[in-house]
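Okay, so here's the structure we're looking at.
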Amino acid sequence: MKKLIVALLVAALCMVAPAIALDWDDLPTGDMVMVDGDYPPGELCGTYFDVYLCDDGVYPGWCVDTVTSSIKDEWYDACLSSTIGVSEQWNMVNWILNNRGDIPFGETQAAIWMVMGQEIPTKYAEWDNMLSVALAAEASEHPDYVPGCGDVGAVLVEACQPCYEGQTLIIELPLDPCPPVPEFPTMMIPVFLVGSVLVAASVLKKE
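For the sequence shown, my numbering assigns the number 4 to the initial residue and increments by one for each residue that follows.
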């Protein structure tokens with residue numbers, strides 16, 4: 004029932020807003036955002052929390068600030084920006100997002116806090132274990148990491164209005180998929196064409 008109410012709220016708000024597809028090629032600087040208060044983990048995405056964007060549905064979200072409380076179950080105006088290549092810390096966070104494998108969301112969140120220099124809240128102390136420490140340590144060896152095609156990148160989400168001292172967070176946004184690799188016969192067509200032209204030219208020259 005809660006998800007149905009949220010979906011109706013999203014639909015109602017977005018009826019008065021222009022539809023914008025969230026895309027790396029045209030990343031909006033701002034959007035109406037809401038963090039689903041039912042976490043961790045987020046029910047739909049399985050990450051730390053679900054983050055709704057008015058114009059473009061729900062995204063996997065992660066916390067990067069354990070000092071400030073998050074704005075939950077309330078729509079607010081947020082500023083969006085890319086983290087790709089911005090700093091070594093963000094590069095390590097992006098490495099974690101793309102290389103976490105089967106590591107649970109809790110340990111993944113703890114590793115993100117570690118590389119961001121944030122303290123792990125006492126209530127999540129169990130996430131501070133060998134898995135999260137190892138993930139953060141490996142991420143620290145990739146300060147120059149940049150996601151490539153088919154990966155995901157972290158988009159920074161910050162409250163725009165000064166009166167909203169809300170927690171800074173990130174959402175995962177897929178990058179464009181890698182172009183398909185041509186199959187062997189397809190790759191050989193240009194080779195055959197060039198070869199045929201060269202053979203024909205050789206024959207004509209002899210004649």
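Ideal Cβ positions, reconstructed from N, Cα and C, are used throughout, including at glycine. Small disclaimer: the values here were computed from a predicted structure and weren't measured.
Here the C-alpha atom of S84 lies approximately 31 Å from the C-alpha atom of E129. Along the stretch 98-140, the alpha helix (DSSP H) occurs as fully enclosed runs of 4 or more residues at 108-118, listed in sequence order.
If you draw a straight line from the Cα of L172 to the Cα of G153, it comes to about 22 Å. For the pair D41 and A140, the Cα-to-Cα distance works out to about 30 Å. For D80, the secondary structure class from DSSP, reduced to helix, strand or coil, is strand. Under a 10 Å Cβ-count criterion, A114 is classified as buried, with 16 or more other Cβ atoms of the shown protein chains found around its own Cβ. When W65, V67, I74 and W27 are compared, the shortest CA-CA separation from M35 is found for I74.
When secondary structure is reduced to three states using DSSP, V61 falls in the strand class.
Beyond the five residues adjoining it in sequence on each side, L25 comes within less than 6 Å, by CB distance, of D59 in the same chain, given in chain order. With contacts defined by Cβ atoms closer than 8 Å, D28 and D39 do not form a contacting pair. Cα atoms of G45 and P182: separation of roughly 32 Å, rounded to the nearest angstrom. Annotation: V70 is outside any beta strand (DSSP E) and is labelled neither H nor E by DSSP.
Burial check for N101: the Cβ neighbour count within 10 Å reaches 16 or more, so the residue is buried. For I173, the enclosing beta strand (DSSP E) stretches over residues L172 to P177.
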